[in-house]
Amino acid sequence: MPFSLDRERIADLEDESKRGELLLTKIFENSENSNDIDVELADQITGSPAKEKSELPKILGLDANLSELANRIMDRPKWSRAELVLLTNSLDLMLDGALESINEASYDILDMPLLEGDDPIEINPEVISVLKS
Amino acid sequence: MTGTQSNSFSLLDKRIQQYIWSEKWEALRDTQELAIPAILTGNIDTIISAATAAGKTEAAFLPALSYLLSVDPNGLIIYIGPLKALINDQFLRLEKLCALLEIPVWPWHGDISSSIKSKFRKNPKGVLLITPESLEATLFNQGSSLNGIFSRLLFVIIDELHIFIGSERGKQLQSLLHRIEVIRSKRIIRIGLSATLGDMSLAAEFMCPNRTDAVAFIESKNDTKDLLIKVRGFEEPAHTICKPSSSLTNIIEAVDIDADVDVTSKNTSKQPAIAPAQIATDLFDVMRGSNNLIFPNSRADVELFTNKLQELCEFNKVPNEFWPHHGNLSKELRSETEEALKQTEHPATAICTSTLELGIDIGSVKSVAQIYPPPSVASLKQRLGRSGRRDNEPEILRGYVVEKEFGNDNPSLADDLRLSTLEFTACISLLIEKWFEPPVLNGLHLSTLIQQILSAIGQDGGIYAGPLYQLLCSNGAPFSGITKCDFLDLLSNLGKKELLMQDSSGLLLHGRVGESIVNHFSFYAAFSSPAEFRIVAGGTTLGTLPVKMMLKKGQRILFAGRTWSVEDIDDDKKVIFVQRARGGVPPAFIGGRGRVHTKVRQRMYELLLSEDTPSYLDNMAIKFLVQARSFFKKKELEGAKFIDQGEQVTLLTWLGDNANEALSCLLGFHGISAIASGPTIEVQKRGSSVDSVIKVLHVISHSDLPNVDLLLADASNIEREKWDWALSPGMLRQSYASLYLDLPEAIDWATQVA
Amino acid sequence: MKNSSVSIRPKDRDAILLSLRAGVVPKAGQHLIQVGRTREIETLLRDIERIADGGSGFRLIVGEYGAGKSFFLNLVSSIALEKKLVVASADLNPDRRLHGSAGQARSLYSELMRRLSTRTKPDGGALPGIIEKFIATSKTEARASEKTVEEVIHKKLEHLTELINGYDFASVINIYCRGADEGNEQLKADAVRWLRGEFSTKTEAKAALGVRGIVDDASVYDQLKLMARFTQEAGYAGMIVALDEMVNLYKLSNAQARNGNYEQILRILNDTLQCTAIGLGFILGGTPEFLTDTRRGLYSYPALQGRLAENTFAKDGLVDLTGPVIRLTSLTPEDFYLLLCKIRHVHAGGDRTKYLISDKGIEGFMIHCSKRIGDAYFRTPRTTIKYFADLLAMLEQNSGSSWESIVGAVDIIADTEISGNSEIGDDEDFASFKL
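Residue numbers (this note's numbering), protein chains in the order written: chain A, 12 to 144; chain B, 4 to 757; chain C, 116 to 550.
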């Protein structure tokens, strides 16, 4: 039997798929928001980590506590889990929950997580570069 | 331990040595001495054969347990036994030793509670004592956790190995072991415990197919068992009629079966048979006060003898000790019997048709009685083996034969040659030589294959045709004789019968009928109680009869002392429609027998030629033997190939039923009406001469074999095994031919004659 | 074939290609290779939004082997995660069912809980994080409303005690909190074990945590409802339970066992229709026979047949999306063609200039496959896709070569469900055997 693709059907499918693509892209990628984010972030980029807690600007829309944690974490590219546990405890936070919240926020705004891995935990350099730019 | 310290003893675990000391054993038996080093290697298959049960058990368990303790204390040993009662026995034997070693022992069969079973599954270690049926149930129901259960399996010990060889149950066992090995992806080391056999290679081939070279044989040199045998003969006076006495008695009396008496015979009055009553009296005398087994060969006879024995108990005002058991017993009678056999306070004797009825279970017995010749030497051996299981106890066999008084009018060849006595004697002499019927090498075992297919589907929750074939029929698998083509045909047929179905991806699952069958407890047994045929004349049921030979319309059979011609056969409902056959010599075809092997028939022939009188025959039996020999001489039957008997020609083949049936099928194919009849073949001349029959034999010996379908075209009663009903007619014929027709032997004989 | 020119993140690209080359269904990035089925996706999206709003849902995705059920289920799970729901997914097998009496249901539940996922932890193991988020959220609320953390937690857990077995659940959460406060890792670990249904006896649970009950076969569904509620209290939108390989129920050889499971499905379906299971959605994947076989499928259970019956007018291309059943039609060659185009696009990182094979080349590849294995190449496409992905990888290595020269090195066999047993499994007669 000769092989032949139904061109019309392909065209119909493409149209249908386009709609689907749009739908899914909206769900999975928040690229429309990227411009606004840049402006916001520019205001939020933290400077030296030595500033007092109350003066540190909020980062990624996180509350004070979590912001402080995020800032402290971004000081180093890599942390062992044990070290992070100490850090979070000192801020009266629990590690897994805190990581979850930070990454959620990062996803919401930048579409990617700030912190990756279980042990060691690494900072996502792409996020840093976005925050810096 | 006295004397020189045995080497093997010192190889055992210290705690086991301790146990042996505390049990005050004098020395290890030779089987134990030899078995211990072999089994302690942990990778040698071993067969231990000895006459006594105890010697074998310890020979296997002492080193197996020792190995477990040293190599893997959480390991598992599986012991497979054929009966619940025997497993319970074994449990009692092992309990003490294993408690000492802190090894758990798990008896496992239908009576064991499910909480104990789940306890085992959670921690599958120690010694598992199990029947093949329970093992089948485990594989079927625990499919996904099987890897865990068998992961630490060290040995499989198979008891009573000799009774598994060649049977459906044996095939099932081979398949179960194979399936377990597939689950583990590793071979299991097997230890077989067997009675002494003439040809031990049969046992090795069964236990380790294709690996017989690597099997270690350990046979006892001086471990003998006393065997006490007595065969009593009873003479039936000339003018009596043998009637089966069951609840159907009234029906027979109502029918005037003497209505059309042959005018050539004298019109003498018929009396009821007296031999059964005499046999019953003898049994009553010797069987009371102990546990025994009595084996007549048919259900009707089970009921007949039970009635007589129970009557005798009543008459003598003693408590009843005799209980009937067969496949068709009413529920009340069956449970009554099972209760009576289970309890241990009062003696009980069971009268039954087979040792393996589902549900019947009795431990070791003192003696075994066989009424009329046994179905085969193997079954005689198996039945006899139920006695004398403890050390120092002999195996005791009481045989009973009945022959008609010499000189009665219209005798059959069977009467004149005292074939019953000959057959029984031949069986016993072969038993003493440790011979038994070898398994058919090319048997397809399709019935058991069907059961295994259904079980594999249950185990895996569905399976595809390819892997199913690989599992059961590839090289090294238990059903490797089946071709791919035949396998797919079989599957298609199972689909037609709704045993199997397929989902859209091709996965094989249980069909509607299959599902209801596998969910019933009887599924796990690969064998079934053989059904008996109902004999019906003129719309009235005359009685039932087990028939192991093929049936053909027009053949003549002997039943209730009369000759009948078979008008029709209903295979499904198991009914034979008959009509009185007038004239001619009564056939030797009696029914109620098993299938006899050529070796037995040859031995019968040899007995006719010899002058020896075996010591185990009583005077009456000896008298029968002498009468047979003198008839044989008088008629110059030595070397004779046929006897012309007017309307029939009797071919004296002295071959087994497989060869005789094959030959009668060949004759049938060439237009001659022939039916196998004991050691002979009965041929209807129908106008032609003896010479023309000889000519046909000549043709047969020089022709190619006809197709099996043509050979068996008009044969009935060729369903034999539990699942044969599910085979297509073509496969059924193939299966039957492979197991029950010995064409080479038949052609051989034809060549000699022609 | 025109694809959008949005660039594709290297991470997503790698994840998809890795899965495809391994022959497994991608767990992330499915949206990049989704072909057609837009209306089905819209329907599921509405389901998810409804659940996120506090409603409930039940869908049975039905399709032949090879139609892309698992892919679709994974896509829907990914969407749910994006929408801030928690997803628990598991495959049924002979030991993991919705109903049982020997631990089979509990076994399924444990698997679901082990594989609990959130957007930040899409590969399972999210349970401890969810609990900690619950606590963190409570702390935040406490600070905002000037209550103590204990008061907030207590109030939230009270909502749980309204549900069946809620009391024990709440106790265990409290125990976790206590463990966190005291730095008692053992206590935290045991609490998580309890929530995952990993305690098999009440005695063990009592000894470890002091609670009286455990999750057992009978309480699995109620426990799922509790967990869904809990995730909402933790700040998530709700929970989706995705169960694949429902055909395992169909394969059970015991009618009683099957019916026990079907009854459970009926219960779940009824709760959904009556909106009694809040913030909880079920999406199941199974074969058509699992649904329609009147002797052993869902239709064999009378009450289910009524509720799941598909619109009789929905035939010949008209798709019925109103009932709980969504049928995925098998792929056509055209579907497959577009799928390969998308894979090509992903491989090129979304850059059309980097396409390694032309449209004509893709057609040629399809012809090549059809010659080798017939229709199977698009009906059961998993291995064909794998080989296409391998082909692209090789084209990348050997830049300048044409696909024709390389494709010979890639041996295509038909995708079968038979694993292992290559000697006989590959045998055509067996593979195509029909009763």
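In this text, a Cβ means the ideal position worked out from N, Cα and C, and glycines have one as well.
These figures come from a predicted structure and were not determined experimentally.
Nearest to residue i (by Cα), restricted to the options the options
i: residue 368 of chain C; options: B:109, B:143, B:453; result: B:143
i: residue 343 of chain C; options: C:129, C:197, C:451, C:171; result: C:171
i: residue 536 of chain B; options: B:517, B:499, B:579; result: B:579
i: residue 96 of chain B; options: B:301, B:350, B:178, B:394; result: B:394
i: residue 426 of chain B; options: B:404, B:228, B:438; result: B:404
i: residue 458 of chain B; options: B:33, B:178, B:73, B:129; result: B:178
i: residue 368 of chain B; options: B:533, B:89, B:378; result: B:89
i: residue 382 of chain C; options: C:401, C:333, C:366; result: C:333
i: residue 240 of chain C; options: C:453, C:123, C:226; result: C:226
i: residue 104 of chain B; options: B:560, B:22, B:639; result: B:22
i: residue 415 of chain C; options: C:365, C:181, C:304, C:543; result: C:365
Buried/exposed call for residue i, threshold 16 Cβ in 10 Å
i: residue 112 of chain B; result: buried
i: residue 17 of chain A; result: exposed
i: residue 437 of chain C; result: exposed
i: residue 224 of chain B; result: exposed
i: residue 388 of chain C; result: exposed
i: residue 604 of chain B; result: buried
i: residue 664 of chain B; result: buried
i: residue 373 of chain C; result: buried
i: residue 108 of chain B; result: buried
i: residue 318 of chain B; result: exposed
Partner residues on chain C for residue i, Cβ-Cβ distance less than 7 Å
i: residue 515 of chain B; result: 410
i: residue 512 of chain B; result: 366
i: residue 461 of chain B; result: 368
i: residue 767 of chain B; result: Residue 767 of chain B cannot be examined here, being either before or after the span of chain B that is shown, 4 to 757.
Cβ shell of residue i (< 6 Å), same chain only, five flanking positions each side left out
i: residue 462 of chain C; result: 507
i: residue 183 of chain B; result: 153
i: residue 221 of chain B; result: 34, 37, 38, 51
i: residue 738 of chain B; result: 447, 449
i: residue 387 of chain B; result: 371, 398, 400
i: residue 59 of chain A; result: Unreliable placement is indicated for residue 59 of chain A, whose pLDDT of 28 sits below 50; no coordinate value is reported for it.
i: residue 315 of chain B; result: 287
Neighbour list for residue i in chain A, Cβ cutoff strictly below 7 Å
i: residue 452 of chain C; result: 16, 21
Neighbouring residues, chain A, relative to residue i (Cβ below 8 Å)
i: residue 295 of chain C; result: 105
Three-way DSSP call (helix, strand, coil) for residue i in this model
i: residue 87 of chain A; result: coil
i: residue 416 of chain C; result: coil
i: residue 342 of chain C; result: helix
i: residue 483 of chain C; result: helix
i: residue 675 of chain B; result: coil
i: residue 375 of chain B; result: coil
i: residue 546 of chain B; result: strand
i: residue 622 of chain B; result: helix
i: residue 438 of chain C; result: coil
i: residue 82 of chain B; result: strand
Residues of its chain near residue i, where Cβ-Cβ distance is below 7 Å and the 5 sequence neighbours each way are ignored
i: residue 14 of chain B; result: 39, 40, 43
i: residue 185 of chain B; result: 474
Own chain, CB closer than 8 Å to residue i, minus 5 neighbours either side, in chain order
i: residue 28 of chain A; result: none
i: residue 123 of chain A; result: 117, 135, 137, 138
Within-8 Å CB hit, residue i to chain F
i: residue 189 of chain C; result: No chain F appears in this structure, whose protein chains are A, B and C.
Proximal residues of chain C, C-beta to C-beta of residue i below 9 Å
i: residue 82 of chain A; result: Neighbours of residue 82 of chain A on chain C: none; closest Cβ ~18 Å, over 9 Å.
i: residue 518 of chain B; result: 368, 369, 370, 410, 411
Neighbour list for residue i in chain C, Cβ cutoff strictly below 8 Å
i: residue 130 of chain A; result: Simply none; closest approach about 13 Å.
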